[in-house]
Every structure is written in structure tokens, then in C-alpha cells.
Amino acid sequence: LEGNSDSQPGFVHRRLRTHERREMQKEILSVLGLPHRPRPHLSNGKYNSAPLFMLDLYKTISSEEKSQVEGALERYQSIAATQIPPLATHQETAFLNDADMVMSFVNLVEHDRELSLDRRHHKEFKFNLSQIPEGEAITAAEFRLYKECVSQVFRNDTFLLKVYQVVKEHPDREADLFLLESRRLWAAEEGWLEFDITATSNLWVMSPMHNLGLQVSVETSSGQTISCTDAGLVGRDGALEKQPFMVAFFKVSEVHIRSTR
Amino acid sequence: STGGKRRHQNRNRSTQPQDGSRGPGLTDYNSSNQKTACKRHELYVSFRELGWQDWIIAPEGYAANYCDGECSFPLNGHMNATNHAIVQTLVHLMNPENVPKPCCAPTKLNAISVLFFDDNSNVILKKYKNMVVRACGCH
Chain A
1 LEGNSDSQPG
11 FVHRRLRTHE
21 RREMQKEILS
31 VLGLPHRPRP
41 HLSNGKYNSA
51 PLFMLDLYKT
61 ISSEEKSQVE
71 GALERYQSIA
81 ATQIPPLATH
91 QETAFLNDAD
101 MVMSFVNLVE
111 HDRELSLDRR
121 HHKEFKFNLS
131 QIPEGEAITA
141 AEFRLYKECV
151 SQVFRNDTFL
161 LKVYQVVKEH
171 PDREADLFLL
181 ESRRLWAAEE
191 GWLEFDITAT
201 SNLWVMSPMH
211 NLGLQVSVET
221 SSGQTISCTD
231 AGLVGRDGAL
241 EKQPFMVAFF
251 KVSEVHIRST
261 R
Chain B
1001 STGGKRRHQN
1011 RNRSTQPQDG
1021 SRGPGLTDYN
1031 SSNQKTACKR
1041 HELYVSFREL
1051 GWQDWIIAPE
1061 GYAANYCDGE
1071 CSFPLNGHMN
1081 ATNHAIVQTL
1091 VHLMNPENVP
1101 KPCCAPTKLN
1111 AISVLFFDDN
1121 SNVILKKYKN
1131 MVVRACGCH
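Taken in order, these protein sequences are the chains called A and B.
Counting in the working numbering, the first sequence runs from 1 upward without gaps.
Counting in the working numbering, the second sequence runs from 1001 upward without gaps.
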């Protein structure tokens, strides 16, 4: 009974009756491993950077599985044509080949503390990793931030951008931080910046109470801290397709615990 | 009892590979009653049709297949049922009350990836390994 169901045009398309539709919804949700159909909160129906990035990964996968993406692509063509699409790098494609699942996480909180106690500008980001399905282990995770070109004032300057993991928060003073990465950038540089946060996100999954988010700060070459917005880093108030997000690649963890007989 | 013409037609058909997309009812591998032979049925699942396009980003839909039909004796020259299905058919013939016929079930499954939102507007890209039936057989 071999057949070639890729011949979509000749495929049987027929309108489902109500009960068939309900049965099919139930069955597909169970195959997808979902208890109910999700109801995402989409701002005015437009997709931001994370879904666009994930759709890029999806195209990479589906080109292998010869699945249909045109319809989905059409929906984004108008957006993508005018925006800068977040393209997956080679490294991400390698993670993708190895992964069973990829998740992008919405940035939950973002503070631009312009004048903190020691006058240090920084942005905070938090991600909710509590919804990860059982048995999935993170093989790689990235924090992605879009940097735009800056205004004339800093045009010929270089920035030192630092990403910290918040280790402990204090009500009356600055939080304890652990430096994850510091990167020197040209002020005029524009594009996506990726930061490896694999170890940090594994900690957050294993110990949710330690998930206190990330902080980003920027210094000029003269050591002066400037606001992330002045440095061109796009935050929640920037363009949808340049919003910061986090992406994690998962693989079903091989450790199988045998149930007692 | 099906008469010369049909048998001739049968012979033609059995030499060609099964092509489900030519529509139901054209294949009868292993049952005397042609309409209910064990075969792969096709139905295109459109997520838009299911009203799910707000949370499933891609694909638009996918070619769903399922196996349905009778597995009964005699099997024709192709013998594409598994061995124990053949034995089960014979035992069923001897004791139909107590021994069920072999069942028509998937023999080959393919993966499909689905991109969708969860309740928190996070985006999930997941590979589902056994989502699409590629071939059926009698077990």
C-alpha cells in the first residue's frame, strides 16, 4: 500500500462536518501532546521577532520534510519584506539538526533604570522557562538582542556591552550579578547580537527559584555607562520584528528511569 | 465469480504500485470484497479549516493518512500482509468466533514539524516523529 501523498493537488480535500472537526481537533491535540488549544496574546495580530526567527528555523527543517510553508510564508511576506528578517546562523542550524524541539521565550519584563543607585544604566530581561515539557533537556540556548545604528553623538565610538545573569536581588541595593559575556562593538554596528546562555538556562530549568533574569549594560570607550536605548539596543518599545527574545534547543533526555515492577 | 473482464482488470491493477491519490476504491489487495480492502485513506488536514490558524503558525495543513479496511483470506500473489497476519487469517477462518481477523494498521510513519504558539505566546517548533502514515499493512 505504498503511495505518494506528496501529490497535494490530487489529495482529497473535503469540508469537515462539525463532529468530525471536533474529533480531529481532539486527536491532533493529543498527538501534539497538548491538553487544550493554546490561546496566545498577539499584539494586533502581527508577529514579532521570535516567531519570524522560528519560522526561519521551520523552513530549514521543512525543506527536508518537504512540508508546505507557502501559506504561512505569505502571511509574513509583507512583514518580512519591509523588516530585517532574523536569519538563523550556521551554528543554530547545527543545533536545529540535533534538536527534537526548539522554543522561543517572550521577554516578560523590561526595565530601563535610568538612574539606579550607582547611576548604572541597565536593562533587565526575564523569561519564563517553567512550561518546558517533561523529559526535554536544553542542548543550547541563546539570548538575542537587536542593535540599531546609533545617533551622531556616538557614531565613531565603540561600546562595551556586558550581559549578566542576576544571581541575587536585594531590596535596598544593586543585585548580585554574574558576568556571562562582555563584547566590544562598533557604535555604528547594526544587526542581531546572540549571546550563549546555555548554562544559565539549564540552571533556570533545574532551579526555577534562581531564574532572576538577565541584565545588560553598555559603556562607552571612556568608561561612561549609557542607556541601552542610546546605544541602539532595541527593547519592548522598539519595532516588533526587532524585539529581544531567547531561544532554546531541546533534546529528549536519554536518561530513562525504569519504573519498579 | 467476478467474471473474465474484472479478473483481467484485476491482473492489470495488481502489477501497478498502489497510488492512493487516485482516489478511494481503486485498490483491493487482500480481500474478496474490493471496497473494504485494507488500504491507506487520505484526508488533507487544514489547520485553517479547524480554526487553528491563530495559534499554529506553520504548516497551513498536512496530508493526513489513516489505515482502514478488511484483512481477510485469501491474500493475492503479493502477500503483502505480515506472516503472522496470514496465520491469524487462517486461524480466524477455523475459529471465527474466538479469533479476530488481523487488523489493518500503519507499517511506515513519517515525521512532520509543527510551529505553534503556547498559551504564554512563546513559540514552539517541534518534530513529531510518527505523525504521518506512509504505508499500511495487515498485522
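Glycine residues also receive a C-beta, built at the ideal position from the N, C-alpha and C atoms.
Three-state class that DSSP yields for A:Thr-229 in the structure shown: coil
query: Is the distance from the Cβ of B:Ala-1085 to the Cβ of B:Cys-1138 below 8 Å?
result: yes
query: Between which two residues does the beta strand (DSSP E) harbouring A:Val-31 extend?
result: No beta strand (DSSP E) contains A:Val-31, which is instead part of the alpha helix (DSSP H) from 18-32.
- prompt: What does B:Val-1114 reach in chain A if we use C-beta pairs closer than 8 Å?
  reply: Leu-32
message: By DSSP's criteria, A:Met-246 is part of a beta bridge. Which residues make up the other side?
response: A:Phe-105 and A:Phe-143
message: For A:Pro-244, count the other beta carbons within 10 Å of its own beta carbon; 16 or more makes it buried, fewer makes it exposed. Which is it?
response: buried
- prompt: Which chain B residues are close to A:Leu-55, counting only those with a beta carbon under 7 Å from its beta carbon?
  reply: Ile-1057, Ala-1058 and Leu-1115
- request: Report all residues from its chain with a CB closer than 8 Å to the CB of A:Gly-135; omit the five preceding and five following residues, and keep chain order.
  value: Val-252 and Ser-253
- request: Determine, using beta carbons only, whether A:Val-150 comes closer than 8 Å to chain B.
  value: no
query: Under the three-state reduction of DSSP, which class applies to A:Asp-172: helix, strand or coil?
result: coil
field: When B:Tyr-1128, B:Arg-1134, B:Val-1132 and B:Val-1133 are compared against A:Leu-34, the one with the closest alpha-carbon
entry: B:Tyr-1128
query: From this set, A:Phe-195, A:Val-106, A:His-19 and A:His-122, which residue's C-alpha is nearest A:Leu-52's C-alpha?
result: A:Val-106
query: Quick one, which of A:Ser-222, A:Gln-224 and A:Phe-127 has its alpha-carbon nearest A:Leu-212's?
result: A:Phe-127
message: For a test of the three-state rule: what should DSSP assign to A:Phe-125, helix, strand or coil?
response: strand
query: Considering only C-alpha positions, which residue in the set A:Ala-188, A:Glu-142 and A:Leu-193 is nearest to A:Val-150?
result: A:Ala-188
message: Using a Cβ-Cβ distance cut-off of 8 Å, determine whether A:Ser-201 contacts chain B.
response: no
- request: Over the uninterrupted beta strand (DSSP E) stretch that includes B:Ile-1112, give me the two end residues.
  value: 1104-1117
query: DSSP on A:Val-163, reduced to helix/strand/coil?
result: strand
query: With a CB to CB cut of under 6 Å and the five nearest residues on each side skipped, what residues in its chain are close to A:Ser-104?
result: Ala-50, Met-54, Phe-245 and Val-247
query: Just the Cα atoms here: how many angstroms apart are B:Gln-1053 and B:Gln-1088?
result: 45 Å
Residue-level contact to chain B via CB, A:His-264, 8 Å cutoff: There is no way to answer for residue 264 of chain A, as the model of chain A reaches only from 1 to 261.
message: Since A:Glu-241 and A:Leu-160 should fall inside the 8 Å C-beta cutoff, what is the C-beta to C-beta distance between them, to a whole number of angstroms?
response: So it is not a contact: roughly 27 Å between Cβ atoms.
- prompt: DSSP puts B:His-1041 in a beta bridge; with which residues?
  reply: B:Tyr-1066
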